[in-house]
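Q: So the sequence shown is numbered by our numbering: it starts at 14 and just counts up by one.
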Amino acid sequence: MFATSTPEIPITPLQDSLFRKHCLDVRMARLDLVHPEVSGNKWFKLKYNLIHAQRHGVNRVVSFGGPFSNHIHALAWTGRQLGIETVGVIRGEPVSNHTLSDAAKWGMQLVFVNRKEYRERYSAEYCQRLSERFGATVIPEGGSNTLAVQGVAEVVPTLTMDRQSPDVICVATGTGGTIAGVIAGAGPSVRVEGYPVLKGASFLRDDIKRLLPSISGLSSWELDLEAHYGGYGKVSSEHLALWRELEERFATPLDPIYTSKMLRRFLERVEAGCYLPQSKILLLHTGGLQGARSFELSP
14 MFATSTPEIP ITPLQDSLFR KHCLDVRMAR LDLVHPEVSG NKWFKLKYNL IHAQRHGVNR
74 VVSFGGPFSN HIHALAWTGR QLGIETVGVI RGEPVSNHTL SDAAKWGMQL VFVNRKEYRE
134 RYSAEYCQRL SERFGATVIP EGGSNTLAVQ GVAEVVPTLT MDRQSPDVIC VATGTGGTIA
194 GVIAGAGPSV RVEGYPVLKG ASFLRDDIKR LLPSISGLSS WELDLEAHYG GYGKVSSEHL
254 ALWRELEERF ATPLDPIYTS KMLRRFLERV EAGCYLPQSK ILLLHTGGLQ GARSFELSP
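Next comes the structure, spelled out in structure tokens:
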């Protein structure tokens, strides 16, 4: 599936009186439309991870995620298509839901661990034990590593607005792999804004720097730490209502964890006058729609 050319990503204008008031050209890159199962940024983050596995004769991979993980869902489907066995280390007590049922149907072995053990997922020793236990190569949570950055970076130059680079690219940020790829691929004329969905996510600055290639000509970038609205996976009744309102306002399916929070915070920044008039701004819809299933509101 990765042997074909990079899929074309639809870019749709977002019409809104707020944008007209501030004289902004705002559009959304619909990565959620790239593939029905490998949603959004996951196609690009998994691409070189799995190509690397195939080239090195790896027949089993293990990775990490929560019970509604987009990464786990995408990895299970892709592994089945490529003939690579998959193991998902899932945070929390054993549960059954649509996301994990899909993964199991596609052949993923699900291993539930408590939150204390799950926090070890970045430990080299823990990953080595998992590798030996399952005879597998470990892919980080979210797929975020230098191979993921490579996959994201190569598609970013195709994300143009009237054949011109945008002035600003905005992206929801979880583990940091996607924004690192955007920074690496966008070019020095573009400013990249990351919207972490984790509370107290200042640590991501160092994580992102570690993922960035040591090359010149990278985009300038910043993180807005106010886009979590309570923390990762936290969806208040206020945000639940706003999520659905934003879907209707922009006629676009969103998720409650990533893109809706990024869009909500972006609108607040527009209202605060954070952008120069005539700016071309591109919002990345990174998929994440498994999160909607946790509310039994499948898009």
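Built from N, CA and C at the ideal position, the CB exists for glycine as well.
None of the values given here were measured: they were computed from a predicted structure.
Among Arg306, Gly301, Ala305, which residue has its Cα nearest to the Cα of leucine 319?
A: The requested residue 319 is not part of the displayed model; the chain covers only 14 to 312.
Q: Whole angstroms are fine: how far does the CA of valine 75 sit from the CA of tryptophan 234?
A: 31 Å
Q: Where does lysine 293 fall in DSSP's three states?
A: strand
Q: Using a 10 Å radius around the Cβ and a threshold of 16 neighbouring Cβ atoms, would you call proline 80 buried or exposed?
A: buried
Q: Can you find the residues in the same chain that come closer than 7 Å, C-beta to C-beta, to threonine 299, ignoring five residues on each side of it along the sequence?
A: Leu44, Gly53, Asn54, Val184, Ala185, Thr191, Tyr271, Thr272
Q: Count the CB pairs spanning the stretch 109-118 and the stretch 133-147 that are closer than 8 Å, and state whether there are at least three.
A: no
Q: What residue range does the alpha helix (DSSP H) around methionine 275 cover?
A: 272-284
Q: I'd like the span of the beta strand (DSSP E) that includes valine 205, first residue to last.
A: 204-209
Q: Please list the segments of the beta strand (DSSP E) lying wholly inside the stretch 173-249, counting only runs of 3 or more residues, in order along the chain.
A: Those beta strand (DSSP E) runs which fall completely within the stretch 173-249 and span 3+ residues are 181-186, 204-209, 233-236.
Q: Measuring straight from C-alpha to C-alpha, what distance separates aspartate 180 and serine 232?
A: Rounded to whole angstroms, aspartate 180 and serine 232 show a C-alpha spacing of 11 Å.
Q: Is the beta carbon of histidine 252 sitting closer than 8 Å to the one on proline 209?
A: A distance of 8 Å or more separates the beta carbons of histidine 252 and proline 209.
Q: Can you grab the Cα-Cα spacing for the pair serine 109 / leucine 238, in whole Å?
A: 33 Å
Q: Is it buried or exposed, glutamine 67, if we count other Cβ atoms within 10 angstroms and call 16 or more buried?
A: exposed
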